[in-house]
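>
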Amino acid sequence: MEQRDLELIEKYGKDDLKLRKLYDEHLDLERQLESYFEKSYLTPQDQLERARLKKMKLKGRDEIEIILSKYRKVEGCRSITPAKQNDRL
């Protein structure tokens with residue numbers, strides 16, 4: 002995850018419980034996946050479970066991205082000063 006995304010999660014995750022929950026799940030899935038990457042051999046069952054975890058992580062990341070895009074817009078509006086607004090016209 003990019004540094005800017007982590008900063009937004011830190012800033013808004015305190016009040017946005019859904020964002021916090023999704024990020025916590027993301028970290029948990031990441032830890033679970035790490036255990037599969039440490040193994041030298043994966044059984045077919047391990048491979049299925051790893052694929053399932055990857056899909057769950059990706060789905061959660063997509064949901065996080067939707068929420069973060071909203072906060073990026075808010076942050077973008079705050080960074081535009083009146084002088085910069087005139088430049089954009």
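Quick note, the sequence shown lines up with residues 2 to 90 if you use our numbering.
C-beta atoms are modelled at their ideal positions from N, C-alpha and C, and glycine is treated no differently.
Since the model is a prediction, treat every value here as computed from it, not as a measurement.
When DSSP labels each residue in this structure, what does L28 get in the three-state scheme?
helix
> Is the beta carbon of H27 sitting closer than 8 Å to the one on G61?
yes
> With a cut-off of 8 Å on the beta carbons, I'd call I10 and L18 a contact; round off their distance for me.
Between the beta-carbon of I10 and that of L18 there is about 12 Å, and that puts the pair past the 8 Å contact cut.
> Taking the alpha-carbon of Q33 as reference, which of A52, P45, E66, K74 has the nearest alpha-carbon?
The shortest C-alpha separation from Q33 is found at A52.
> What do you get for Y24, buried or exposed, if any count of 16 or more other CB atoms within 10 angstroms of its CB means buried?
buried
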